[in-house]
Amino acid sequence: MKFERIIKNISFTVAAVVVFFMTGGMYLSGKGFVIQDDGQIVLMRQASAQDDILASTPVIPDNSVFPTNHTVGSPDAPVTLYEYSSFGCSHCADFHLQILPKLQSEFIDKGLLKVSFIPLPADKASMDAALLAECVPSDKYFEFIEMLFKKQRRWGLNRDPQKVLKQYAVLYGVPENKTDSCLHNDDNAREIISNRQNAISTLGIRGTPSFVISWNGHNEFIAGLKPYNSFKDIIESKLAEIASQDKK
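The opening residue of the sequence shown carries number 2 in the working numbering; numbering runs sequentially from there.
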């Protein structure tokens, strides 16, 4: 089944959103986006604007199941942060380049936190990047996506972003003669779109970056990019709750 047919099999609402993002290009994804309940698209000019625009914060059911294909940190870490991100989103780049390294040293390296990255493509170039990332050797996946965020403007504003993305993929271990097949891998495309559909229609996620923090069987939504200290306070509060329950 070709990629175009996969999209046609998605529900009408989600398919319409996908088509919009595909045609919106870097202008939308570069600034982040919000979809209101009435279907209106509103750009986030400030990372915190998502909180103001959303009518209500999504409630994530405790029995929700999240993709864990791309996770950094100890499998036994008591707290998990699920990151929904688009490669073309500037706020997503800020999280990876400014916030994640601090979380790495403060929590991940100490076995207290693991982070699962879930692509939520906001345009065609971001979808291409996500498909190519799936072909990168697993031990280089997070290095590859960090590089994509560092060079976001270079490939995002290029007249032929796919060509540049393919060159990057080769540098990270994808055989040059395999890049086209990676971009047309229907199984990977289906999984990415399925995760995207679930994020929008089931979890109520309306923008990138969005996060779900999970601890002791509970889930909590975190909208948009926050300062590092906000992430730190949230994580520490969950660790304190876990420690308190363990003492009982």
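Where is the CB? At the ideal position from N, CA and C, for every residue including glycine.
Please read all numbers here as calculations on a predicted model, not as lab measurements.
In angstroms, rounded to a whole number, what distance separates the CA positions of residue i and residue j?
| i | j | result |
| --- | --- | --- |
| D77 | R160 | 44 Å |
| K248 | K167 | 52 Å |
| I201 | T209 | 11 Å |
| N70 | N186 | 17 Å |
| K233 | G218 | 20 Å |
| V175 | G157 | 20 Å |
| L240 | P102 | 19 Å |
| Y1 | V213 | In this structure the chain extends from 2 to 249, so residue 1 is not present and cannot be described. |
| G74 | Q153 | 25 Å |
| I223 | L113 | 19 Å |
| A134 | Q246 | 39 Å |
| Q198 | S91 | 22 Å |
| Y229 | Y169 | 29 Å |
| F34 | P79 | At F34 the pLDDT is 42, less than 50, meaning the model places this residue with poor confidence and gives no usable figure here. |
| M128 | E84 | 16 Å |
| P138 | E192 | 18 Å |
| E177 | S238 | 46 Å |
Beta-carbon separation of residue i and residue j under 8 Å?
| i | j | result |
| --- | --- | --- |
| P59 | I119 | no |
| G89 | D140 | no |
| F143 | I236 | no |
| S87 | L121 | yes |
| T72 | S117 | yes |
Taking buried to mean at least 16 other C-beta atoms within 10 Å of its own C-beta, is residue i buried or exposed?
| i | result |
| --- | --- |
| D63 | exposed |
| K151 | exposed |
| S182 | exposed |
| K111 | exposed |
| V1 | Any answer about residue 1 is impossible in this case: the structure gives the chain only from 2 up to 249. |
Check residue i in the structure and name its three-state DSSP category.
| i | result |
| --- | --- |
| I223 | strand |
| L98 | helix |
| I214 | strand |
| T69 | coil |
| T81 | strand |
| S202 | helix |
| S75 | coil |
| S86 | strand |
Flag residue i as yes if its beta-carbon sits less than 8 Å from any beta-carbon of chain D, otherwise no.
| i | result |
| --- | --- |
| H92 | Checking the listed chains, one finds no chain D in this structure; it contains a single protein chain. |
Uninterrupted beta strand (DSSP E) stretches inside the stretch 107 to 182 (no shorter than 3 residues): Whole beta strand (DSSP E) segments, 3+ residues: 114 to 120.
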